[in-house]
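First the structure, in the form of structure tokens, and then the observations on it.
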Amino acid sequence: MNGTEYPFPYFLDTTILVYTFHESDPRKQELARQLVRVALQSRQVVISTQVVQEFLNVALRRFERPMTVSEAREYLDTVLMPMCRHFPSITFYQQALLLKEETGFSFYDSLIVAAAIESGCHILLSEDLQDGRVVHGTKIVNPFA
29 MNGTEYPFPY FLDTTILVYT FHESDPRKQE LARQLVRVAL QSRQVVISTQ VVQEFLNVAL
89 RRFERPMTVS EAREYLDTVL MPMCRHFPSI TFYQQALLLK EETGFSFYDS LIVAAAIESG
149 CHILLSEDLQ DGRVVHGTKI VNPFA
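In our numbering, the protein residues as written are 29 to 173.
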């Protein structure tokens with residue numbers, strides 16, 4: 029794997045999307061952009077509603093130049109929604125709570141892992157979780173490592 033080739037389907041954590049706008053680290057920015065480009069072309073990459081919410085919150089408030097509402101709506105329509113294939117249910121929240129207890133991850137990280145597992149993803153790309161750890165058949169990979 030060259031850093032952007034992973035077995036489908038795989039799940040993208042919020043940080044991957046955020047890094048596409050992160051100009052202070054050109055290496056991470058370029059890799060993140062490649063990952064998103066492949067995700068949109070393949071249509072086999074998954075994000076969850078949580079990732080959509082987290083990204084929009086960061087983009088509107090924390091970017092060096094925050095997105096306007098208009099820019100955020102366009103990004104939502106063209107990038108986020110085509111990848112958003114996981115929508116929560118009560119069973120999903122129960123699974124996340126069990127994962128929190130089992131793994132020691134925070135509740136929000138457990139939601140991400142549970143969404144990846146529930147979506148049938150073999151790989152979860154995240155900079156924020158334990159690189160190399162396998163949880164219920166889903167391997168966490170830090171693409172920037």
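The beta-carbon is built from N, C-alpha and C at its ideal position, and this holds for glycine as well.
| request: Within its chain, find whatever has a CB closer than 6 angstroms to the CB of glutamine 78; leave out the 5 residues flanking it on each side and keep chain order. | output: Working through the sequence shown from its first residue, we reach residue 78 at position 50. Excluding residues within five positions, the ones whose Cβ falls inside 6 angstroms are Leu139.
| Cβ pair count under 8 angstroms reaching 3, the segment 152-160 against the segment 82-89 | no
| message | Need the endpoints of the beta strand (DSSP E) that valine 73 sits in, please. | response | For this step, residue 73 is matched to residue 45 along the sequence shown. Here the beta strand (DSSP E) through valine 73 covers 73-76.
| request: Select from Val80, His164, Lys56 the residue whose C-alpha is nearest the C-alpha of threonine 106. | output: Within the sequence shown, residue 106 is the residue found at index 78, counting from 1. Nearest of Val80, His164, Lys56 to threonine 106, Cα basis: Val80.
| Measuring CA to CA, which of Ala100, Pro94, Tyr47, Met111 is closest to phenylalanine 71? | Here the question's residue 71 lines up with position 43 in the sequence shown. In the sequence as displayed, the identity of residue 71 is arginine instead of phenylalanine. Comparing Cα-Cα distances from arginine 71 to each of Ala100, Pro94, Tyr47, Met111, the minimum goes to Met111.
| message | According to DSSP, simplified to helix, strand and coil, what is leucine 152? | response | Along the sequence shown, one-based indexing puts residue 152 at 124. Looking at leucine 152 - three-state DSSP - the assignment turns out to be strand.
| If you draw a straight line from the C-alpha of threonine 42 to the C-alpha of valine 64, how long is it? | In the sequence shown, the residue the question calls residue 42 occupies position 14. In the sequence shown, the residue the question calls residue 64 occupies position 36. Approximately 11 angstroms, taken between the alpha carbons.
| task | Could you tell me the boundaries of the alpha helix (DSSP H) in which leucine 127 lies? | result | Start at 1 with the first residue of the sequence shown, and residue 127 comes out as number 99. Unbroken alpha helix (DSSP H) run through leucine 127: 118-131.
| message | I'd like to check one pair, isoleucine 145 with histidine 164: are the Cβ atoms closer than 8 angstroms? | response | In the sequence shown, residue 164 corresponds to position 136, counting from 1. In the sequence shown, residue 145 corresponds to position 117, counting from 1. It is a contact, given that the beta carbons lie within the stated cut-off.
| Under 8 angstroms between C-beta atoms of phenylalanine 39 and serine 117 | Here residue 39 refers to the residue found at position 11 of the sequence shown. Here residue 117 refers to the residue found at position 89 of the sequence shown. No. Outside cutoff.
| task | Can you grab the Cα-Cα spacing for the pair threonine 131 / threonine 166, in whole Å? | result | Sequence index remark: in the sequence shown, residue 131 carries index 103 (1-based). Sequence index remark: in the sequence shown, residue 166 carries index 138 (1-based). If I take the Cα positions, the gap works out to 13 angstroms.
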